[in-house]
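Encoded as structure tokens, the structure appears first; notes follow it.
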Amino acid sequence: MPTGYAGKLLFVDLTTEKIQEETLGEDLANDFIGGYGIGAKILYDRMPAGADPLGPDSYIGFMTGLTNDTKSLFGGRYTLVHKSPITGGWNDANSGGHFGPELKKAGYDGLFVYGKAKKPVYIYIKDGNVEICSAENLWGKTTKETLERLKEETGEEKIRASIIGKTGENQSYLACPINDRHRAPGRGGGGAVMGSKNLKAVAVRGTHKTDVADPDKIRDANMEISKNKKENKGIQRLGDRGTGGGTPSASLSGDAPVKNWKGVGIIDFGETSAENVGSKNLDRYKTEKYHCNSCPLGCGAEYSVPDGRWPVESTQRPEYETAGAFGPTLLCDEEDVIIHCNELCNIHGMDTISAGMTIAWAMECYEEGLLSRDDLDGIDLSWGNGEAIVQMLEKMVKGEGVGKTLANGSAYAAKHFGKGEEYLQTASGIELPMHDPRYAPGLARTYQFDPTPGRHVKGGLGSLHMGNKQKGDKYDYEDTGEIDVKLMVHREILNTAGFCLFGSGVTPRRLHHQFIEGITGREFNDEIAYKTGLRIYIQRHVFNLREGIAPKDMTLTLRAVGQPPQEAGPLEGKTVDHKKLGENFFTTLGWDLDSGKPPKKQMENLGGLENVIEDLYGPS
Amino acid sequence: MEIRVKYFGFEPVEEGFCVTLPDGANVEDLLDKLKEERTAEEKATLDNSTIMVNEKKSHRKIVLEDQDKVLILIPLGGG
Chain C
190 MPTGYAGKLL
200 FVDLTTEKIQ
210 EETLGEDLAN
220 DFIGGYGIGA
230 KILYDRMPAG
240 ADPLGPDSYI
250 GFMTGLTNDT
260 KSLFGGRYTL
270 VHKSPITGGW
280 NDANSGGHFG
290 PELKKAGYDG
300 LFVYGKAKKP
310 VYIYIKDGNV
320 EICSAENLWG
330 KTTKETLERL
340 KEETGEEKIR
350 ASIIGKTGEN
360 QSYLACPIND
370 RHRAPGRGGG
380 GAVMGSKNLK
390 AVAVRGTHKT
400 DVADPDKIRD
410 ANMEISKNKK
420 ENKGIQRLGD
430 RGTGGGTPSA
440 SLSGDAPVKN
450 WKGVGIIDFG
460 ETSAENVGSK
470 NLDRYKTEKY
480 HCNSCPLGCG
490 AEYSVPDGRW
500 PVESTQRPEY
510 ETAGAFGPTL
520 LCDEEDVIIH
530 CNELCNIHGM
540 DTISAGMTIA
550 WAMECYEEGL
560 LSRDDLDGID
570 LSWGNGEAIV
580 QMLEKMVKGE
590 GVGKTLANGS
600 AYAAKHFGKG
610 EEYLQTASGI
620 ELPMHDPRYA
630 PGLARTYQFD
640 PTPGRHVKGG
650 LGSLHMGNKQ
660 KGDKYDYEDT
670 GEIDVKLMVH
680 REILNTAGFC
690 LFGSGVTPRR
700 LHHQFIEGIT
710 GREFNDEIAY
720 KTGLRIYIQR
730 HVFNLREGIA
740 PKDMTLTLRA
750 VGQPPQEAGP
760 LEGKTVDHKK
770 LGENFFTTLG
780 WDLDSGKPPK
790 KQMENLGGLE
800 NVIEDLYGPS
Chain P
1250 MEIRVKYFGF
1260 EPVEEGFCVT
1270 LPDGANVEDL
1280 LDKLKEERTA
1290 EEKATLDNST
1300 IMVNEKKSHR
1310 KIVLEDQDKV
1320 LILIPLGGG
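From first to last, the protein sequence lines stand for chains C and P. Going by the numbering used here, the first residue of the first sequence is number 190, and it counts up by one from there. Going by the numbering used here, the first residue of the second sequence is number 1250, and it counts up by one from there.
What follows is the structure in structure tokens.
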């Protein structure tokens, strides 16, 4: 068994109710680390090509990160892996909270579920004992209600669970599971996949402790991070205000999209509105801080809203992405709307980014006369109309009326209505997140061509541009490939190891590698990291190739790259050469742009991709 | 001359204040003044910020005028 792991993968066939454990092999662990690395390898090997993502042949994996339950700071994230009903390709989405570490403590590095239960069920894992339990009494309940019922049923107050709400039960494409009441692997439709399997929840409780190879190495890394944190006011600010502390600034700088990506923050939204949607204003409802597992920062917060339009005793602080999607993107500056929309998405299990962006699309269609008030069930979906935003979101999360269509996302809705395609802001069909490539041009490559398209958490040059930390002009598109690939590869390591990206400001790459060495006891230098990161990227990429999706098939809507450019504001005149960024990236990798096939020699040198080589190039 | 300054995402958050600069000073001079008694990390953050002067994006060499309003928008860098 590889050191630093639970050492087992769990497979549950909901059709036959067969439960099977497999030993986690040394090679699988070394080659793919954890999270979506191991997840991509397993799904590529075992899930039939062309499987309907919402059919019984599809797999969904709940994957721990390597750092989970190892006392590594910022190492608390788990990843959901599956084929996306939105893009039709590979999907991974990760989440903080405590679910991942608890799954590992319960004895498993990952859980894969396939088949379909005859009736609603949940999977209960306690210290290596696995049961498929009836969830008929839980079906229809919110994620928060379900968590409390699961605690009662199992008698385990400390249970952790990944749970779908009504949205997932409806198999709406924007559905996601929620863990710890407000943490979510939000993007790509994992909640719909769970719903299609009649899987209400995965509940876990574990008391094992994961053995690591060199606790001193981990402790030393933690001490260095703690020291860095004390000296870094930026990271302290993040701990104090959360990501939402940056919403006002991003709303005005051009980082956050405004008015379905056609607006200009300083003109269309304004200073006061920008301030209204920031944490400084929202935090008037804050009752206490919230920390994910192994997090020294605590960027989350518990809220209580005692009165007003939508009083709620216990809710949580909206993240930047959520405040952006329901704030400037919709020209809404009403903080209670943002808090309530966040709560609706959390209790019913819906991706806040895609939800807000889909409403933005509908608002523009309404403004342009493509969708009438009748089309929208009588709702006046005018820009900034907070009551209307809430009414529409309520329909979406519950799958009622026009909300049933919109709950499958904007690309689905445009096809359904047969109009409005020109107002989509998507990458390969999934709504773009709240960082604008016109502000951070490197994101254009990441959004369009990453095997999991449309994600701000994937690696590349865009991560430098978001912080304005690039050398030279960020709108210069020459020779971007090398740095883009280097940053992509490092991000593959962070994500699969289960690190939170918010720790990166105080955790240099050297320490990330030190953690991996301390946990596993094996050398993890820059060369090994590069080969491992690229191998994982290829494994995700070839999943898409097998589904018939090559880079040339991956799309990015043009408003996001300044075609046409904005005529005013901080992004005035900016056009992003997304094609050049893509060419630079794939040329640096040495990949054939047309077929998207990585060279055989490259994969042979990387190792661990033997079956991929055979699939792409035939038997040797 | 007096310049009105407001930070977004930086302390003091979203509270305006005034800075006195000699006539002919530019945005870079303002930033240099604001960097006094700031840590190296904070100075770098200010250097990476988007600057708006009277609601228009500004580069560092723009000469300021009395009562100009300067917004300093700190990059979020993710989230």
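Ideal Cβ positions, reconstructed from N, Cα and C, are used throughout, including at glycine.
Check: In chain B, which residues lie with their C-beta within 9 angstroms of the C-beta of F1257 (chain P)?
Finding: Within the model displayed, chain B is absent; protein chains C and P are what it includes.
Checklist line | Rounded separation between K1310 (chain P) and L778 (chain C) - CA only | finding: C-alpha separation (whole angstroms): 39 angstroms.
Note to self: Short of 7 angstroms in beta carbon distance, which residues of its chain neighbour V501 (chain C), apart from the five on each side in sequence? Order them along the chain.
What the structure shows: The answer, listed in chain order, is V494, E532.
Next item on the list: Output yes if chain P places a C-beta closer than 8 angstroms to the C-beta of M655 (chain C); else output no.
Entry: Interface criterion met: the Cβ of M655 (chain C) is under 8 angstroms from a Cβ in chain P.
Notebook entry, point to check: Just the Cα atoms here: how many angstroms apart are D400 (chain C) and G344 (chain C)?
Noted result: Going from the Cα of D400 (chain C) to the Cα of G344 (chain C) covers about 28 angstroms.
Next item on the list: Return the bridge partner residues of A350 (chain C) from the DSSP annotation.
Entry: Within the DSSP bridge table, the entry for A350 (chain C) names C:A392 as partners.
Item checked: Contact set between the stretch 400-421 of chain C and chain P, restricted to residues whose Cβ is under 8 angstroms from the partner -> Within the stretch 400-421 of chain C, the qualifying residues are E420, N421.
Item checked: Neighbourhood of E671 (chain C) by C-beta, 6 angstroms cutoff - its chain only, sequence neighbours within 5 removed -> Here E671 (chain C) has T777 as same chain residues with Cβ atoms under 6 angstroms from its own Cβ, once five neighbours each way along the sequence are excluded.
Next item on the list: For N800 (chain C), name the three-state secondary structure that DSSP assigns.
Entry: Residue state for N800 (chain C) is assigned as helix, using DSSP reduced to three classes.
Checklist line | T276 (chain C) vs I619 (chain C) beta-carbon contact at 8 angstroms | finding: Yes, the Cβ-Cβ distance between T276 (chain C) and I619 (chain C) is below 8 angstroms.
Margin query: Please state whether the Cβ-Cβ distance between S438 (chain C) and I1323 (chain P) is less than 8 angstroms.
Written below: In this structure, I1323 (chain P) lies closer than 8 angstroms to S438 (chain C) by Cβ.
Note to self: Can you check whether the C-beta of P191 (chain C) is within less than 8 angstroms of a C-beta belonging to chain P?
What the structure shows: Taking CB atoms only, P191 (chain C) has no neighbour in chain P less than 8 angstroms away.
Checklist line | Other residues of its chain near K1284 (chain P): CB distance less than 8 angstroms, five sequence neighbours each side excluded | finding: E1291, K1292, L1295, listed in sequence order.
Check: Can you list, in chain order, the residues of the stretch 593-618 of chain C whose Cβ is nearer than 7 angstroms to any Cβ on chain P?
Finding: For the stretch 593-618 of chain C, no residue has a beta-carbon sitting nearer than 7 angstroms to a beta-carbon of chain P.
Margin query: Just to confirm, is the Cβ distance from G193 (chain C) to T268 (chain C) under 8 angstroms?
Written below: Contact: no.
Check: Which of the residues in the stretch 1306-1321 of chain P, read from start to end, lie with their CB under 7 angstroms from any CB of chain C?
Finding: So the close ones are K1306, L1320.
Check: For the beta strand (DSSP E) that contains R430 (chain C), what are its first and last residues?
Finding: That residue, R430 (chain C), is in no beta strand (DSSP E); its alpha helix (DSSP H) goes 422-430.
Margin query: For I249 (chain C), report the span of its beta strand (DSSP E) as first-last.
Written below: Taken as a continuous stretch (DSSP letters only), the beta strand (DSSP E) holding I249 (chain C) covers 249-253.
Checklist line | M581 (chain C) classed as buried or exposed, judged by whether at least 16 other C-beta atoms fall within 10 angstroms | finding: So M581 (chain C) ends up on the buried side.
Notebook entry, point to check: So which of C:D281, C:N387, C:N368, C:C322 has the shortest CA-CA distance to G329 (chain C)?
Noted result: Ranking C:D281, C:N387, C:N368, C:C322 by Cα distance to G329 (chain C) puts C:N387 first.
Check: Grouping DSSP H, G and I as helix and E and B as strand, with all else coil, what is G304 (chain C)?
Finding: Coil.
Margin query: Using the three-state DSSP reduction, which class does L650 (chain C) fall into: helix, strand or coil?
Written below: L650 (chain C): helix per DSSP, three-state reduction.
Next item on the list: Output the residue ranges of the beta strand (DSSP E) runs that lie fully inside the stretch 475-530 of chain C and measure 3 residues or longer, sorted by chain position.
Entry: Runs found: 475-479, 489-494, 501-505.
Next item on the list: Name, please, each residue of chain P whose Cβ falls closer than 9 angstroms to the Cβ of T432 (chain C).
Entry: Counting only Cβ-Cβ distances below 9 angstroms, T432 (chain C) has contacts in chain P at L1325, G1327, G1328, in chain order.
Notebook entry, point to check: Where does K386 (chain C) sit, in a helix, a strand or coil, going by DSSP?
Noted result: Three-state DSSP puts K386 (chain C) in coil, outside helix and strand.
Next item on the list: On a CA-only basis, which of C:G265, C:R498, C:C481, C:E477 is nearest Y492 (chain C)? Give me that one, please.
Entry: The option with the nearest alpha carbon to Y492 (chain C) is C:E477.
Next item on the list: Using a Cβ-Cβ cut-off of 8 angstroms, state whether T1269 (chain P) counts as contacting chain C.
Entry: The C-beta of T1269 (chain P) comes no closer than 8 angstroms to any C-beta of chain C.
Notebook entry, point to check: Within the chosen definition, does the stretch 349-360 of chain C reach the stretch 223-230 of chain C through at least 3 CB pairs nearer than 8 angstroms?
Noted result: The stretch 349-360 of chain C makes no contact with the stretch 223-230 of chain C, as fewer than three CB pairs between them are under 8 angstroms.
Next item on the list: Mind reading off the beta-carbon distance from N257 (chain C) to G299 (chain C)? Whole number of angstroms is fine, and I expect it under 8 angstroms.
Entry: The beta-carbon distance between N257 (chain C) and G299 (chain C), rounded to whole angstroms, is 11 angstroms. This is too long to meet the 8 angstroms contact definition.
Notebook entry, point to check: Nearest-angstrom Cα distance between A463 (chain C) and P787 (chain C)?
Noted result: For A463 (chain C) and P787 (chain C), the distance between alpha carbons rounds to 45 angstroms.
Check: Would you say T685 (chain C) and F221 (chain C) are within 8 angstroms of each other, going by their C-beta atoms?
Finding: Yes; because the gap between Cβ atoms is below 8 angstroms, this pair is in contact.
Note to self: If contact is defined by three or more beta carbon pairs under 8 angstroms, each pair taking one atom from either stretch, is the stretch 413-433 of chain C in contact with the stretch 442-459 of chain C?
What the structure shows: Output reads no: the stretch 413-433 of chain C does not touch the stretch 442-459 of chain C.
Notebook entry, point to check: Does E1290 (chain P) have its Cβ less than 8 angstroms from a Cβ in chain C?
Noted result: So yes, E1290 (chain P) belongs to the interface.
Notebook entry, point to check: Since N1303 (chain P) meets chain C, which of its residues come closer than 8 angstroms, beta carbon to beta carbon?
Noted result: Within chain C, no residue comes near N1303 (chain P); the closest Cβ sits about 10 angstroms away, beyond 8 angstroms.
Notebook entry, point to check: In whole angstroms, what is the alpha-carbon distance linking L650 (chain C) and I321 (chain C)?
Noted result: Rounded to the nearest angstrom, the two C-alpha atoms are 44 angstroms apart.
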